[in-house]
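Residue 216 in this note's numbering sits at position 210 of the sequence shown, with consecutive numbering throughout.
Glycine included, C-beta positions come from ideal geometry on N, C-alpha and C.
Okay, so here's the structure we're looking at.
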Amino acid sequence: MTSYKLLLYNRVVDKKVKQKDGSMPLLDHLRELRMRLIVSVIGLTCTTVVAFILYDYIIEFLYNPFTVLKGDMPDKNVLFVNTIFEGFIIKIKVSVLAGLIFSLPLHLYNIVKFIFPGLTSKEKKVIIISLISSFFLIGFSAYYSYYKIIPISIRFLTNQGFIPENVGLLLNFGRNIFYIFQFIFATLIVFQIPILLEVLMVMDIVQRKTLLKIAKFVVIGIFVLSAALTPPDPVSQISVALPLILLYFITILIAKVFRFGEG
């Protein structure tokens, strides 16, 4: 058999195997991965362009939490730039970060489509339920951080207990805008941890009794993680840590009700 016929035969065999058990040969996996990466890059580029066009609305959204300080400022402006280039650089950074956030559903879809063929029916159900729960927690954590924690945090950090009465505020535009970005993004990330734990228990990778045994260490770890991911003030850190601790124990309770993670 010539090399050409052998190659053709292998392709036919690979195709039959793929049709029979749903598996894919390595080259097809690589092609699929390349296609998913290309789609994700194109999606990120498009959403970044959209974010650049909608920059004024995004900046207004990020600026709004600082309006609580207008009564404390001698000028109507609350945030200031230090250089002539700062506004342009911030516009590029904000557009890219907002584009990344806008394109996250597409990236998640590509990841799921890539790994789904290799999953069992039980694992597929777990992934679907986890994604739905994840989007719910994303919405809750974004609302909670933006409307509840951030205004309290700004007021707390700028009160006269920390800033003397005869000292004025001169807040940098870029640093404080990214303070809001950093806080919201950190909250979104840490609020996904309960979903990850639930998935690990459903797949019997982690046992429920183990999570109960290490609960006190987890509580300490949550406070450390909150301190590392959120801006350096105790109000922000505690406001993120307490709901996360509550979600941790709710996750264990759900696992007990539905008998997940019993080994």
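- Annotated as proximal: Val246 and Val196, with beta-carbon spacing under 8 Å.
- With contacts defined as CB atoms closer than 8 Å, Ser140 and Ile201 qualify as a contacting pair.
- Tyr153 counts as exposed, since fewer than 16 other beta carbons sit within 10 angstroms of its beta carbon.
- Val47 is classed as exposed because its beta carbon has fewer than 16 other beta carbons within 10 Å across all chains shown.
- Its chain contains Val87 and Phe179 as the residues whose beta carbon lies nearer than 8 Å to that of Gly93, once the 5 sequence neighbours on both sides are disregarded; these appear in chain order.
- Note on geometry: alpha-carbon atoms of Gln243 and Arg214 lie some 27 Å from one another.
- In the three-state scheme derived from DSSP, where H, G and I count as helix and E and B as strand, Phe266 is classed as coil.
- In the DSSP assignment, Ile144 falls within the alpha helix (DSSP H) that extends over Ser127 to Tyr149.
- Bounds of any alpha helix (DSSP H) do not take in Asn172, whose DSSP letter is neither H nor E.
- Apart from the 5 residues on each side of it in sequence, Phe187 sits with its Cβ closer than 8 Å to the Cβ of Leu68, Val100 and Leu103 in its chain, given in chain order.
- Leaving aside the five residues that flank Lys119 on each side, the residues in its chain whose CB is nearer than 8 Å to its CB run, in chain order, Arg42.
- Under the three-state reduction of DSSP output, Asn83 falls in the coil class, being neither helix nor strand.
- Three or more beta-carbon pairs separated by less than 8 Å link the region 205-220 to the region 245-264, which places the two stretches in contact.
- Just so you know, the alpha carbons of Phe72 and Leu85 end up roughly 8 Å apart.
- Counting every other CB atom within 10 Å of its CB across the protein chains shown gives Asn182 a total of 16 or more, marking it as buried.
- Using a Cβ distance threshold of 8 Å, Ile134 and Leu125 do not count as a contacting pair.
- Judged by their CB atoms, Leu194 and Ser159 are not nearer to each other than the 8 Å cut-off.
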